[in-house]
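Numbering (the UniProt record's numbering), first residue to last: 1 to 103.
Every residue gets a Cβ at the ideal spot worked out from N, C-alpha and C, and that includes glycine.
To keep things clear, I will list the structure first and then write my remarks on it.
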C-alpha cells in the first residue's frame, strides 16, 4: 500500500462502532491539562474550567488575573526543540503536512 492510499482506505468498522470509538477519545481532562491544573492548584491559584470567552473555550481561566490558558500537547502542535514532538515514520510526509497546518 502506498502512503497516499492510506488516507483513501475504506473504514474496517461500521459507522456506529467508529462513532463509539471516536467518542471515547478525550478532548478534555487530558494528561497535560490535568498536570497543569494540579500545578496551578498546588501554587495556590484558583481557576475555572469550561468557561466560554466570546466564541472560544480556554482549558483554564484565571478570572482574578484575567488570564486564559490553552494547554496543547507536543505531539500535535510540534513545539520547536521539544523531544516529545516526534513524527510517525511510516507516513511521515502526510503527518508533516498535518503538523504544519496545526501551527
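Within 10 angstroms of the Cβ of residue i, are there 16 or more other Cβ atoms? Answer buried if so, exposed if not.
i          : result
residue 70 : exposed
residue 33 : buried
residue 13 : exposed
Could you please give the first and the last residue of the uninterrupted beta strand (DSSP E) stretch that includes residue i?
i          : result
residue 71 : Premise fails: residue 71 is in no beta strand (DSSP E) and is neither H nor E.
residue 49 : Residue 49 -> no beta strand (DSSP E), and no H or E assigned at all.
Take residue i as the anchor and find which of the options has the nearest alpha-carbon.
i           : options        : result
residue 135 : 37, 53, 54, 55 : The structure shown does not extend to residue 135, since the chain spans only 1 to 103, so no value can be given for it.
residue 101 : 82, 78, 45     : 78
Which residue marks the beginning of the alpha helix (DSSP H) containing residue i, and which one marks its end?
i          : result
residue 34 : 31-42
residue 19 : 15-23
Looking at residue i: is its Cβ nearer than 8 Å to the Cβ of residue j?
i           : j          : result
residue 112 : residue 18 : Given that the chain is displayed from residue 1 to residue 103, the structure contains no residue 112 and the question cannot be resolved.
residue 73  : residue 28 : no
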